[in-house]
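Protein chains in written order, with our numbering: chain A, 2 to 189; chain B, 248 to 572; chain C, 161 to 553. Just so you know, even glycine gets a beta-carbon here, dropped at the ideal spot from N, CA and C. From a predicted model like this one, the values you see are computed outputs, not experimental measurements. Working notes for the structure below.
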Amino acid sequence: MVKITAIKEALKALFKPATTKYPHGPPSHVPPGLRGLPQFSDENCIGCGACVVCCSANAISMKDEGDTRTLSIFYPRCVFCGRCEDICPEDGISLTEQFELATTDKKNAEVTIVFKLVRCSQCGDVISTRKHLDKIKERIMTNVDATVKEEVVRDLPKYETLCGECRRKLSYELNTHTQKYYARRWES
Amino acid sequence: MQTVFDYLFIIALYFAVIGLAFFFSWGASWVFRKLSARLQARRGPPAYQPIADIIKLFGKERFTPALSNKFLYILSPLLALSAILILSFMIPPGTPLWPGPLAFDLIVILYFSVMFSLAFVIAGWASGSTWGKIGASREVVMILSVELPLAIALLIPSLALARGGFSFSLSITDVISAQQGTFIWILPNWFLFRYPLAAIALFLTLLTKSWMRPFGDIPEAEQEIFAGSLTEYGGPLLGIFELARLFRFYVFTALFVDLYLGGGVGFVFPFDLLIFLAKCLVIVILMTIVHVASARYRISHVFKWFLTVCLAFALFSLIRVLVGF
Amino acid sequence: MQIDKVTAPEYVVPLGPFHPALLEGEYFKLKVEGEKVLDVDLKLGYNYRGIMKLAESRSYHQNIYLFERVCGICSAAHTTAYTQTAEMLGGIELPDRARYIRTLIAELERIHSHLLWAGVGMELIGFKTLFMLIWRDREHVLDVLEAISGNRQHYAMNTIGGVRKDIDKDMIPKIEEKLKLLHKATETATKAVLEDGGIRARTKGIGTLDKEIARKICVVGPVARATGMAIDVRKDDPYAAYDEIPFDIITAEGGDILSMAIVRLGELVESVKISQFCLDKLKTVGGPIRAEVKEFPTGEAVGRVEAPRGELMYYLVSNGTNIPERARVRTPSYLNDYALLFMLPGESLADVPITVASVDPCMACTDRMCSVTDHRIQIHKTGTLRDLSKSFR
Numbered sequence: 002m003v004k005i006t007a008i009k010e011a012l013k014a015l016f017k018p019a020t021t022k023y024p025h026g027p028p029s030h031v032p033p034g035l036r037g038l039p040q041f042s043d044e045n046c047i048g049c050g051a052c053v054v055c056c057s058a059n060a061i062s063m064k065d066e067g068d069t070r071t072l073s074i075f076y077p078r079c080v081f082c083g084r085c086e087d088i089c090p091e092d093g094i095s096l097t098e099q100f101e102l103a104t105t106d107k108k109n110a111e112v113t114i115v116f117k118l119v120r121c122s123q124c125g126d127v128i129s130t131r132k133h134l135d136k137i138k139e140r141i142m143t144n145v146d147a148t149v150k151e152e153v154v155r156d157l158p159k160y161e162t163l164c165g166e167c168r169r170k171l172s173y174e175l176n177t178h179t180q181k182y183y184a185r186r187w188e189s
Numbered sequence: 248m249q250t251v252f253d254y255l256f257i258i259a260l261y262f263a264v265i266g267l268a269f270f271f272s273w274g275a276s277w278v279f280r281k282l283s284a285r286l287q288a289r290r291g292p293p294a295y296q297p298i299a300d301i302i303k304l305f306g307k308e309r310f311t312p313a314l315s316n317k318f319l320y321i322l323s324p325l326l327a328l329s330a331i332l333i334l335s336f337m338i339p340p341g342t343p344l345w346p347g348p349l350a351f352d353l354i355v356i357l358y359f360s361v362m363f364s365l366a367f368v369i370a371g372w373a374s375g376s377t378w379g380k381i382g383a384s385r386e387v388v389m390i391l392s393v394e395l396p397l398a399i400a401l402l403i404p405s406l407a408l409a410r411g412g413f414s415f416s417l418s419i420t421d422v423i424s425a426q427q428g429t430f431i432w433i434l435p436n437w438f439l440f441r442y443p444l445a446a447i448a449l450f451l452t453l454l455t456k457s458w459m460r461p462f463g464d465i466p467e468a469e470q471e472i473f474a475g476s477l478t479e480y481g482g483p484l485l486g487i488f489e490l491a492r493l494f495r496f497y498v499f500t501a502l503f504v505d506l507y508l509g510g511g512v513g514f515v516f517p518f519d520l521l522i523f524l525a526k527c528l529v530i531v532i533l534m535t536i537v538h539v540a541s542a543r544y545r546i547s548h549v550f551k552w553f554l555t556v557c558l559a560f561a562l563f564s565l566i567r568v569l570v571g572f
Numbered sequence: 161m162q163i164d165k166v167t168a169p170e171y172v173v174p175l176g177p178f179h180p181a182l183l184e185g186e187y188f189k190l191k192v193e194g195e196k197v198l199d200v201d202l203k204l205g206y207n208y209r210g211i212m213k214l215a216e217s218r219s220y221h222q223n224i225y226l227f228e229r230v231c232g233i234c235s236a237a238h239t240t241a242y243t244q245t246a247e248m249l250g251g252i253e254l255p256d257r258a259r260y261i262r263t264l265i266a267e268l269e270r271i272h273s274h275l276l277w278a279g280v281g282m283e284l285i286g287f288k289t290l291f292m293l294i295w296r297d298r299e300h301v302l303d304v305l306e307a308i309s310g311n312r313q314h315y316a317m318n319t320i321g322g323v324r325k326d327i328d329k330d331m332i333p334k335i336e337e338k339l340k341l342l343h344k345a346t347e348t349a350t351k352a353v354l355e356d357g358g359i360r361a362r363t364k365g366i367g368t369l370d371k372e373i374a375r376k377i378c379v380v381g382p383v384a385r386a387t388g389m390a391i392d393v394r395k396d397d398p399y400a401a402y403d404e405i406p407f408d409i410i411t412a413e414g415g416d417i418l419s420m421a422i423v424r425l426g427e428l429v430e431s432v433k434i435s436q437f438c439l440d441k442l443k444t445v446g447g448p449i450r451a452e453v454k455e456f457p458t459g460e461a462v463g464r465v466e467a468p469r470g471e472l473m474y475y476l477v478s479n480g481t482n483i484p485e486r487a488r489v490r491t492p493s494y495l496n497d498y499a500l501l502f503m504l505p506g507e508s509l510a511d512v513p514i515t516v517a518s519v520d521p522c523m524a525c526t527d528r529m530c531s532v533t534d535h536r537i538q539i540h541k542t543g544t545l546r547d548l549s550k551s552f553r
């Protein structure tokens, strides 16, 4: 019946409790880099929807209504794996250190971001968000080859207002088929 | 010639002692919970928690399980509460001035302490649950193994009175007043120092009777059999049981302090009460430390321990009292 | 005159599906005489979640986080096994740094799992103080894991071809400090458990598993090691960085609960050593932490790791797409739970909870398929959860 170690350890613990009065007081510590509630960044997020595809718990959903696109994280489903953060091309979504997410209303358990949508001028299908198209445009303008820049600048407004399907259908009519660029490159 | 007022005074005194027992038990229960929490590196409950738990139970729905024996199911908590209330005013709060209800306290105390345990056996059996029945059978084994050393250890001080130049008496008041003076050197004349083995035996049995580990919580081991006898109880009936169980902090510690630690002997009225309560608190803290620092044994271990080691301690002391060495 | 032997009546005690001693839903039908257990029947299937079916509709990368949730305690072991199998499919070589980080996480998880087991075991024999103190010390390892990965339980560290987060240079001394605390805590816990007479009385010679039976029913992990079999996937079929790390396989003789405790407590010390080794390597070994993943060609692969509870096996079939054709999980508890049928009979009812806990059963891991028997017509049928819920409404 020797139990000196247990008694010694118990007496050592007498004046330093390991627990805190957590719900009534502050939590003991929140480590940097805690994977908490995912948040969209108003500045960076372009509404491309990559996170919707990669989300491992299907917590992120995308809804196109009228001329707005709503991305929403239904965080009771979220498993805080951080895959959306990994996959995002623009740092538009990141996990915050916020972890006290309990709510009494299911409707409040959502993080949303709203974008202005661009629809196809021909068929009315969704192309993408305004911000996404702007980003694409910006990228094209910085990366485009100097030889075709003039033509690209001329063609871009046509691309912007057409969905992929209509662009394919009307490519010869509008002279926007991609082959002409390749042809030019081969020549030069 | 005693008048009606004398009787009323005595009744009022009894109620005062029950009130004292209640408030002491409340405080001791809090000390027990807080101290064991702190020893386990937790924070522990606030002071109102022991009583808040019981009040909460009284606010809940009363029900009787379909398979239970309804009469016994309701009777057993009342039996437990009445037994422990009687016990709590039978045991004088440390002062020799306490009139003492009867001249043969110790026998009655023994009787009611068994009755208190039996109430749990009845409760377990009447509730009609398998777990209740297992709890009841374990409680019976506990009674069988604990009561014999308990009885011997309780009666040793009273038998020893005749050795110390007093007349033989079964009254606790006499036992308390017999512990005046010093034993050897500066050790007070407590039965703890005169019969230490019997004191250990009594401490172990009282520890067990007040549901403290290593042996006490076997009949209600939650990881094995839910709550044992009380599995099917809920609401006010469980509240009565919990109230009865709260008094254990006074009854069983006071018994030990009165018999083996000299109560509050040697002080004048308000101080002897305080000294007595302080001693009770020391016993509660000691019990808590033993409770916290031990694992739960099996029921077969209880039988073995109490009918060999504990009984041997008690019997050795009994032989010492009777032969006189 | 002959007196019949008086026996206590036999009755059936239902232990579970919900019982304070069982952390998860499982059902033990105990045939009991007095306090003695005569016969046991085990029913599983209360935690079925259809994870393997779900895995067939998600991409390889999404499945990492799905399989992480097969078990809450050995989550890193599950992802290690899964990513390892997927890497075999895709023919991907792990970078060195990723191998050490993966090993470190696996060993820290083993420490956390074994400390959890020790605490639960103490609680089941009524030693609440050691339970609390062991779990207090377990917080150290959880803090380390939280600092590394950002979560206490689901680390989400492993990914196909490597790990997702690097360990900073300035974080390593902090982890080493915590490892020292852990080393001290494990030693204290071992001393406290082994010297206590009460614990010895409750565990020595209880729930004994015979070595021959153990071999026959193929128990794995600490349960097998407690019966004297020195089997360990980390040594037998090294994965991650285990082939270059020196460590001992802890074995014990006897197969009772005490020897299982000795094996697990000994492994704690070994795990601390392995973690320290990995940290030392991480200080010097640089390089990428993630290899490039191209595709998963048609084929099949089996991967196994030593989870805290024993050998964990994953089987994957690829059809060339980014979604696995078939995923199969064989958890260690699936084998170890069966040992209970041989361990429980003859024990006292009071020892049932600690005996059940001694094999460290993880029911959520184990439940793989839901089979419902119609007792009137004796037909087994399987179906989707939705259909089942309809038929029982």
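Per DSSP, which residues does R259(C) bridge with? Please list them. For the purposes of this step, residue 259(C) is identified with residue 99 of the third sequence, where counting begins at 1. Its beta-bridge partners do not exist; DSSP assigns none.
Beta-carbon separation of K108(A) and I47(A) under 7 Å? Position 107 of the first sequence, counted from the start, is the residue given in the question as residue 108(A). Position 46 of the first sequence, counted from the start, is the residue given in the question as residue 47(A). No, the Cβ-Cβ distance between K108(A) and I47(A) is not below 7 Å.
I'd like to confirm the pairing. Which residues does DSSP put opposite I94(A) in its beta bridges? Residue 94(A) sits at position 93 when you count from the first residue of the first sequence. Answer is F41(A), bridged to I94(A).
Quick one: which chain B residues come within Cβ less than 7 Å of P18(A)? The sequence position of residue 18(A) within the first sequence is 17, counting from 1. Taking the beta carbon of P18(A) as reference, the chain B residues within 7 Å of it are R285, A288, R289 and R290, listed in sequence order.
Cross-strand partners of S62(A) (DSSP beta bridge): The residue given as residue 62(A) occupies position 61 in the first sequence. Partner(s): S73(A).
Just mark C49(A) as buried or exposed, buried being the case when its beta carbon has 16 or more other beta carbons within 10 Å. To locate residue 49(A), count along the first sequence from 1; it is residue 48. With a 10 Å radius around the Cβ and a threshold of 16 neighbouring Cβ atoms, C49(A) comes out buried.
Kindly give me the distance between the Cβ atoms of D326(C) and I449(C), rounded to whole angstroms, as I take these residues to be in contact under 8 Å. Working through the third sequence from its first residue, we reach residue 326(C) at position 166. Working through the third sequence from its first residue, we reach residue 449(C) at position 289. That pair is a contact at about 5 Å.
Give me the residue from T515(C), V519(C), L293(C) and E452(C) with the minimum Cα distance to L254(C). Numbered from its first residue, the third sequence carries residue 254(C) at position 94. Here the closest residue by C-alpha is E452(C).
Use the C-beta contact count for I530(B): other C-beta atoms within 10 angstroms, 16 or more gives buried, fewer gives exposed. Taking the second sequence and counting its residues from 1, one reaches residue 530(B) at position 283. Result: buried.
Amino acids of chain C, ordered along the chain, whose beta-carbon sits closer than 9 Å to that of D68(A): The residue you call residue 68(A) lines up with position 67 of the first sequence. Those within 9 Å of D68(A) in chain C number zero; the least Cβ separation is about 31 Å.
Enumerate in chain order the residues of its own chain whose CB-to-CB distance from P261(B) is below 7 Å, with the five nearest sequence positions on each side excluded. Within the second sequence, residue 261(B) is the residue found at index 14, counting from 1. According to the sequence provided, residue 261(B) is Tyr. The question's Pro does not apply to it. Closer than 7 Å at the Cβ level, and outside the excluded window around Y261(B), lie F336.
Suppose the cutoff is 6 Å on Cβ atoms and the five residues either side in sequence are ignored; what does the same chain contact list for L282(B) look like? Reading the second sequence from its first residue, position 35 is the one you call residue 282(B). Result list for L282(B): T535, in chain order.
Beta carbon proximity, V516(C) to chain B, threshold 7 Å: Within the third sequence, residue 516(C) is the residue found at index 356, counting from 1. With respect to chain B, the C-beta atom of V516(C) has no partner C-beta closer than 7 Å.
From the DSSP output, in three-state form, read off V465(C) for me. Against the third sequence, residue 465(C) aligns to sequence position 305. It is a strand residue.
Quick one: list the residues of chain C neighbouring A7(A), beta-carbon separation under 7 Å, in chain order. Locating residue 7(A) in the first sequence gives position 6, counting from the first residue. Listed along chain C are T289, L290, A352 and D356, each with a C-beta nearer than 7 Å to that of A7(A).
Using 7 Å as the threshold, is the C-beta distance between I417(C) and S518(C) below it? Your numbering for residue 417(C) matches position 257 in the third sequence. Your numbering for residue 518(C) matches position 358 in the third sequence. The answer is yes: Cβ separation under 7 Å.
If F359(B) sits next to I333(B), beta carbons under 8 Å apart, how far is it from one beta carbon to the other, in whole angstroms? Start at 1 with the first residue of the second sequence, and residue 359(B) comes out as number 112. Start at 1 with the first residue of the second sequence, and residue 333(B) comes out as number 86. Right, the Cβ-Cβ distance comes to about 5 Å (below 8 Å), so this counts as a contact.
Buried or exposed: which applies to C234(C), given that a residue is buried once 16 or more other Cβ atoms fall within 10 Å of its Cβ? The count along the third sequence starts at 1 and reaches residue 234(C) at position 74. Around the beta carbon of C234(C), a 10 Å sphere encloses 16 or more other beta carbons of the protein chains shown; the residue is thus reported as buried.
Look at F244(B) and L477(B) and say whether their C-beta atoms are less than 7 Å apart. Since the displayed chain B opens at 248 and closes at 572, residue 244(B) lies outside it and no answer follows.
Any C-beta of chain A within less than 9 Å: which residues of the stretch 300 to 324 of chain C qualify? D303, E306, A307, I308, S309, G310, N311, H314, A316, T319 and R324
For D520(C), tell me which candidate among E455(C), A421(C) and D199(C) has the shortest Cα-Cα distance. One-based indexing of the third sequence puts residue 520(C) at position 360. Considering only alpha carbons, the answer is A421(C).
Within a Cβ cutoff of 8 Å, which residues of the same chain sit near T69(A), ignoring the five residues on either side of it in sequence? As a working mapping, residue 69(A) is identified with position 68 in the first sequence. Only V115, F116, K117 and L118 meet the Cβ criterion.
Is DSSP giving C530(C) helix, strand or coil here? Residue mapping note: residue 530(C) aligns to position 370 of the third sequence, counting from 1. Its pLDDT being 47, under 50, C530(C) is placed unreliably in this model, and the value from its coordinates should be taken loosely. Correct three-state label for C530(C): coil.
Using a 10 Å radius around the Cβ and a threshold of 16 neighbouring Cβ atoms, would you call F271(B) buried or exposed? Locating residue 271(B) in the second sequence gives position 24, counting from the first residue. Buried, since its Cβ has 16 or more Cβ neighbours within 10 Å.
Answer with yes or no whether the minimum CB distance from A110(A) to chain B is below 7 Å. If you number the first sequence from 1, residue 110(A) lands on position 109. By this cut-off, A110(A) is not an interface position.
E466(C) and D392(C) - do their beta-carbons sit closer together than 7 Å? Within the third sequence, the letter at position 232 stands for residue 392(C). Within the third sequence, the letter at position 306 stands for residue 466(C). Result yes, Cβ atoms of D392(C) and E466(C) sit closer than 7 Å.
What runs of the alpha helix (DSSP H), each 4 residues or longer, lie entirely inside the stretch 454 to 497 of chain B? Taking only runs of at least 4 residues, the alpha helix (DSSP H) segments lying wholly in the stretch 454 to 497 of chain B are 469 to 472 and 482 to 493.
Taking only runs that begin and end inside the stretch 383 to 433 of chain B, name each unbroken alpha helix (DSSP H) of 4 or more residues, in chain order. 419 to 424
So for L254(C), helix, strand or coil by DSSP? Within the third sequence, numbered from 1, the residue matching residue 254(C) stands at position 94. Coil, per DSSP.
Members of the stretch 462 to 487 of chain B near chain C, C-beta cut-off 8 Å: D464, I465, A468, E469, Q470, E471, I472 and F473
Whole-angstrom C-beta distance between N207(C) and E184(C), which should lie under 8 Å: In the third sequence, counting from the first residue as 1, residue 184(C) sits at position 24. In the third sequence, counting from the first residue as 1, residue 207(C) sits at position 47. The pair is a contact, with the Cβ atoms about 6 Å apart (cut-off 8 Å).
So, is the C-beta of R262(C) closer than 7 Å to a C-beta in chain A? Translated into positions along the third sequence, residue 262(C) becomes position 102. Judged by the 7 Å Cβ criterion, R262(C) is not in contact with chain A.
Judging by CA-CA distance, which residue of A510(C), F178(C), A181(C) and R298(C) is the nearest neighbour of A19(A)? As a position in the first sequence, residue 19(A) is number 18, starting the count at 1. Answer by Cα proximity: R298(C).
Tell whether a beta-carbon distance below 7 Å holds between I465(B) and I546(B). Residue numbering aside, residue 465(B) sits at position 218 when the second sequence is read from its first letter. Residue numbering aside, residue 546(B) sits at position 299 when the second sequence is read from its first letter. Yes, these two residues count as a Cβ contact at 7 Å.
Contacting residues, own chain, Cβ-Cβ under 7 Å from A445(B) (five flanking each side not counted): Reading the second sequence from its first residue, position 198 is the one you call residue 445(B). Cβ neighbours of A445(B) beyond the five flanking positions: A400, I403, F560, A561 and S564.
When you compare each of L286(B), I369(B) and L395(B) to R385(B) by their alpha carbons, which one comes out closest? What you label residue 385(B) is simply residue 138 of the second sequence in a count that begins at 1. R385(B) has its Cα closest to that of I369(B), out of L286(B), I369(B) and L395(B).
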